[in-house]
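The block underneath contains the structure these notes are about, expressed in structure tokens.
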Amino acid sequence: MPADRIPIARFSAITRISQRALRYYDRLEILVPEARDPFTGYRYYTSSQMELGVKIKAICSLGFSLEDLKTYLQAEACGDWDTVDSLMEGRLSAVRLEILRLKRIEALLKEERTELIGMALTEPAVKDVPALRVICRKETGILSPTIEKLIGELFSFVDLPASKRNQLKVIGPVIAIYHEDCAKGNENDRERGDEHVSVEAEAISDWSEKEVSIEVALPIAGKVEGEGSGIEVKSLPAARMLSMIHKGSYPTLHKSYQSVFKYMAGAGLEVAGPIRELYLSDPCKTAEEELLTEIQIPYRKER
Numbered sequence: 001m002p003a004d005r006i007p008i009a010r011f012s013a014i015t016r017i018s019q020r021a022l023r024y025y026d027r028l029e030i031l032v033p034e035a036r037d038p039f040t041g042y043r044y045y046t047s048s049q050m051e052l053g054v055k056i057k058a059i060c061s062l063g064f065s066l067e068d069l070k071t072y073l074q075a076e077a078c079g080d081w082d083t084v085d086s087l088m089e090g091r092l093s094a095v096r097l098e099i100l101r102l103k104r105i106e107a108l109l110k111e112e113r114t115e116l117i118g119m120a121l122t123e124p125a126v127k128d129v130p131a132l133r134v135i136c137r138k139e140t141g142i143l144s145p146t147i148e149k150l151i152g153e154l155f156s157f158v159d160l161p162a163s164k165r166n167q168l169k170v171i172g173p174v175i176a177i178y179h180e181d182c183a184k185g186n187e188n189d190r191e192r193g194d195e196h197v198s199v200e201a202e203a204i205s206d207w208s209e210k211e212v213s214i215e216v217a218l219p220i221a222g223k224v225e226g227e228g229s230g231i232e233v234k235s236l237p238a239a240r241m242l243s244m245i246h247k248g249s250y251p252t253l254h255k256s257y258q259s260v261f262k263y264m265a266g267a268g269l270e271v272a273g274p275i276r277e278l279y280l281s282d283p284c285k286t287a288e289e290e291l292l293t294e295i296q297i298p299y300r301k302e303r
């Protein structure tokens with residue numbers, strides 16, 4: 001075997017990348033072997049690929065997603081240093097958020113045991129949300145009745161004979177999307193201390209009492225036929241979100257919003273787009289105090 005024809009097992013040992021990961025990187029065209037045996041399909045790498053393999057291992061160890069890894073390598077290869085710097089800054093921001101989260105957990109662990117009872121589902125976390133194909137309906141109205149109305153209309157659409165014929169299926173939880181700019185407010189009036197509710201949280205608590213622009217979406221699979229009556233098919237964009245799971249009734253959601261906005265204020269973050277709520281429990285089958293709702297907030301560093 002030529003010296004510069006390195007089998008996958010040896011390349012794995014040298015770069016400290018598992019063979020399974022190397023096969024996956026090959027499929028994603030992140031690290032493609034220079035040669036492949038036409039009869040056995042065995043992969044062979046070259047010594048010139050070792051540096052790339054080590055670099056990939058190092059980037060992955062920093063917590064980059066595979067999508068960001070691929071973008072990073074492509075940007076670096078063509079000298080797009082703005083993209084490289086942006087990716088590094090984004091990862092640094094996520095690490096700082098994780099450090100803040102762990103510090104909060106550390107502080108709680110030092111408290112009495114009773115302080116830990118409600119903690120499990122209330123810590124914000126960074127989450128990469130994939131793009132979702134959905135059917136959706138948008139309307140302006142009072143929060144709760146408008147959401148209930150739109151949910152009913154969307155499920156009625158899914159139950160239509162044409163939808164059933166096309167095997168249209170709901171494949172995820174109901175999503176409510178708030179198009180109100182809840183981050184508006186006078187910065188001079190915003191209190192950062194733990195004893196105060198943020199301007200954003202106050203705005204959210206007011207939503208139940210005034211008309212707001214609300215969109216309800218259902219993640220779907222299958223063919224959609226007969227769009228109309230305000231029902232739209234679209235893709236919700238992928239996004240990096242702050243995610244928090246709220247356990248309890250919908251009228252108490254403002255408590256979790258208060259917590260997540262306080263967390264964002266401490267990390268120097270601001271809302272960067274429409275907020276989403278994912279209703280993970282069926283309120284017709286679940287007790288109010290056991291309902292689970294995921295809050296997803298797109299964010300960026302404060303300007």
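One point on numbering: in full-length UniProt numbering, the residue at position 187 of the sequence shown is 187, and numbering is uninterrupted. We put the beta carbon where it would ideally sit given N, CA and C, even for glycine.
Residue i versus the options, residue with shortest Cα-Cα distance
| i | options | result |
| --- | --- | --- |
| LEU269 | MET50, LYS301, ASP80 | LYS301 |
| ASP68 | VAL84, LYS55, PRO38, ALA77 | VAL84 |
| ASP26 | ILE14, PHE39, ARG16, TYR44 | TYR44 |
| LEU292 | CYS284, PRO298, ARG133 | CYS284 |
| ARG165 | GLY152, GLU225, GLY141, ALA125 | GLU225 |
| GLY230 | THR146, GLU139, HIS246 | GLU139 |
| PRO251 | LEU62, SER144, ILE275 | SER144 |
| GLU148 | ALA21, ASP282, SER12, GLU294 | ASP282 |
| GLU89 | SER213, ALA77, LEU62 | LEU62 |
| LEU278 | PRO173, GLY53, THR40, GLY141 | PRO173 |
| ALA238 | GLU106, TYR299, ALA265 | TYR299 |
| LYS247 | LEU97, LYS169, GLU290, GLN19 | GLU290 |
| HIS179 | ILE151, SER163, GLU98, VAL212 | VAL212 |
Which of helix, strand or coil DSSP assigns to residue i
| i | result |
| --- | --- |
| ALA148 | It should be pointed out that residue 148 corresponds to Glu in this sequence rather than to Ala. The answer is helix: DSSP assigns GLU148 an H, G or I state. |
| GLN49 | helix |
| ALA183 | Because the pLDDT at ALA183 is just 39, under 50, the model does not fix this residue reliably, and the point stays unresolved. |
| GLY172 | coil |
| GLU123 | coil |
| TYR136 | One detail in the question is off: residue 136 reads as Cys in this sequence, not Tyr. Correct three-state label for CYS136: strand. |
| GLU29 | coil |
| ARG20 | helix |
| PRO38 | coil |
| ILE231 | coil |
| GLU191 | Summary for GLU191: the model assigns pLDDT 40, below 50, so the residue's position carries little reliability, and this model does not support an answer. |
| VAL197 | Below a pLDDT of 50, predicted positions are generally treated as unreliable, and VAL197, at 39, falls in that range; no measurement from the model is reported. |
| ARG96 | helix |
| LYS247 | strand |
| GLU80 | One point to set straight first is that residue 80 is Asp, not Glu, in the sequence displayed. Three-state result, ASP80: coil. |
| MET55 | Contrary to the premise, residue 55 reads as Lys rather than Met in this sequence. It is helical. |
| GLY90 | helix |
| MET1 | Unreliable placement is indicated for MET1, whose pLDDT of 48 sits below 50; the coordinate value is still reported in the next sentence. MET1: coil per DSSP, three-state reduction. |
| ARG101 | helix |
| LEU224 | With the sequence shown as reference, residue 224 is identified as Val, and Leu is not the correct amino acid for it. Residue state, collapsed to three classes: coil. |
| LEU292 | strand |
| GLU106 | helix |
| LEU62 | coil |
| GLU153 | helix |
Residue i and residue j closer than 8 angstroms at C-beta
| i | j | result |
| --- | --- | --- |
| residue 304 | GLU215 | Outside the modelled stretch of the chain, which goes from 1 to 303, sits residue 304, for which no answer is possible. |
| LYS127 | SER243 | yes |
| SER249 | GLU288 | yes |
| PHE155 | ILE135 | no |
| ILE8 | LYS70 | no |
| PRO219 | LEU132 | yes |
| ILE175 | ALA221 | no |
| GLN296 | VAL95 | no |
| PHE64 | ARG101 | no |
| THR46 | GLU34 | yes |
Residue interval of the alpha helix (DSSP H) (run including residue i)
| i | result |
| --- | --- |
| ILE8 | 8–15 |
| PRO161 | 161–165 |
| LYS262 | 253–267 |
Where the beta strand (DSSP E) through residue i begins and ends
| i | result |
| --- | --- |
| THR286 | Looking at the DSSP string, THR286 is not in any beta strand (DSSP E), and its letter there is neither H nor E. |
| residue 305 | Residue 305 lies beyond the stretch modelled for the chain, which goes from 1 to 303, so this question has no answer here. |
| GLU277 | 275–279 |
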